[in-house]
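Visitor:
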Amino acid sequence: MLERLKLKALEEGTPITIEEALELNRRYSTDELRHAADEIRLKWCGNVIHTCSIVNARSGRCSEDCKWCAQSAHHKTGVKEYDYISENEMMSAFRTNRNRGVSCFSMVTSGRKVIPEQMYQFCRMFKKASDEGGIKLCASMGLLDRDQLQQLWDAGVRKYHCNLETSRSYFPALCSTHSIDDKLKTIYIAREIGFKVCCGGIIGMGETMRDRLELAEMAREVGASSIPINILQPIKGTPLENIEKITEDEVTRSVALMRFVAPKCTLHFAGGRAQLSKEAMVNILRGGMNGALIGDMLTTVGNKVADDYKMFNETGYEIEDQDGIITED
Ligand code: SF4
16 MLERLKLKAL EEGTPITIEE ALELNRRYST DELRHAADEI RLKWCGNVIH TCSIVNARSG
76 RCSEDCKWCA QSAHHKTGVK EYDYISENEM MSAFRTNRNR GVSCFSMVTS GRKVIPEQMY
136 QFCRMFKKAS DEGGIKLCAS MGLLDRDQLQ QLWDAGVRKY HCNLETSRSY FPALCSTHSI
196 DDKLKTIYIA REIGFKVCCG GIIGMGETMR DRLELAEMAR EVGASSIPIN ILQPIKGTPL
256 ENIEKITEDE VTRSVALMRF VAPKCTLHFA GGRAQLSKEA MVNILRGGMN GALIGDMLTT
316 VGNKVADDYK MFNETGYEIE DQDGIITED
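Take the numbering used here: the final residue in the sequence shown is number 344, and no numbers are missing along the way.
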């Protein structure tokens, strides 16, 4: 069965169904799944790893009650709070990441959406970065409407990130203040305007394998070019602070099966990967994953970024954009 479904994915790029993926999960070892996923990744996504980096452009004070999130005003986590990053900090992070060869740079904001004064500031910063060029710009600013998305587009942003977080059926157990449909509305408008969209989620929040695969399927169906996969780092003060951690084996299997469900999408290692062993990270990069969020907004993490690049090279990847290679994702 594994061989048959792998060949289908390799020859036609045909995604498998959730039921087929669950059957693979029951029947095959982690190594068998990840080796097959690696072949599918190589066929459809090639050997160039996609890298992106983010700055937290607005932090805390969020009206929403997402159970995993440190930035929700519903939880007491002691997170830093500010309404918008200064232009100096933003441009410094932008230039640092451009110099590192990162291919996509994003401003991420807490909150359901951005108020007009903040949107004005963010667009001004994006425009400045866009005029300097050299790196693709992405924004992750919540449930924006058409007018706000258009403002970002006009400022030079070309990718919009809006995580779906988990399956449609599990989402209400994690958040009561907005819905998957609210997210889809923003994602569809972003696509209509012309943005590439990046829609992933978090694993390790008590969901089942079916939920993870449904998340990947939903992201593929909305036309996401990339699917970031975060591994929950339980945060003290959130309702999920004591949740049992997902195992490395479960993460590896989940990523491999997501590759079968979304053969042509970039699967992006996002938050939480620092808690994995190097061996697990390598297995995942050679088991379906072909992108990574690297660094952070500080300039003091250069060694960590260098370690990441070393690991990507060791796993046989070329780094996107370092020599002017820009691939579309
Ligand atoms: S909407 Fe975003 S910032 Fe607000 S609680 Fe949910 S995940 Fe956190």
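For glycine and all other residues, C-beta sits at the position ideal for the given N, C-alpha and C.
Give every residue of the same chain whose Cβ lies closer than 6 angstroms to the Cβ of A85, excluding the five residues on either side of it in the sequence, and list them in chain order.
Guide: T92, V94 and I250
Visitor: Please state whether DSSP places T281 in a helix, a strand or coil.
Guide: strand
Visitor: Can you check which of these residues, L25, G221 and M326, is closest to I246 by C-alpha distance?
Guide: G221
Visitor: Only counting the same chain, and skipping five residues up and downstream in sequence, which positions put a Cβ closer than 6 angstroms to that of A271?
Guide: L48, R49, A52, G302 and G303
Visitor: Around the Cβ of R227, are there at least 16 other Cβ atoms within 10 angstroms (buried) or fewer (exposed)?
Guide: buried
Visitor: Who's in the neighbourhood of the ligand SF4, going by beta-carbon under 5 angstroms from any heavy atom, listed in chain order?
Guide: The filter returns C77, E79, C81, C84, Q86, S87 and S125, in chain order.
Visitor: Entirely within the region 102-136 and at least 3 residues each: give me those beta strand (DSSP E) ranges in chain order.
Guide: 119-124
Visitor: Once DSSP output is grouped into helix, strand and coil, what is the label at S87?
Guide: strand
Visitor: Helix or strand or just coil, what does DSSP make of E147?
Guide: helix
Visitor: Name the two residues that bound the continuous alpha helix (DSSP H) containing T45.
Guide: T45 to C60
Visitor: When you compare only the Cα positions, how much space is there between N328 and G310?
Guide: When rounded, the distance between both Cα atoms is 17 angstroms.
Visitor: Taking the straight line between their C-alpha atoms, what separation do you get for K142 and T124?
Guide: 17 angstroms
Visitor: State the Cα-Cα distance for the pair Y324 and T330, rounded to the nearest angstrom.
Guide: When rounded, the distance between both Cα atoms is 10 angstroms.
Visitor: I'd like to check one pair, R173 with K128: are the Cβ atoms closer than 9 angstroms?
Guide: Their beta carbons are not under 9 angstroms apart, which means K128 does not touch R173 by this criterion.
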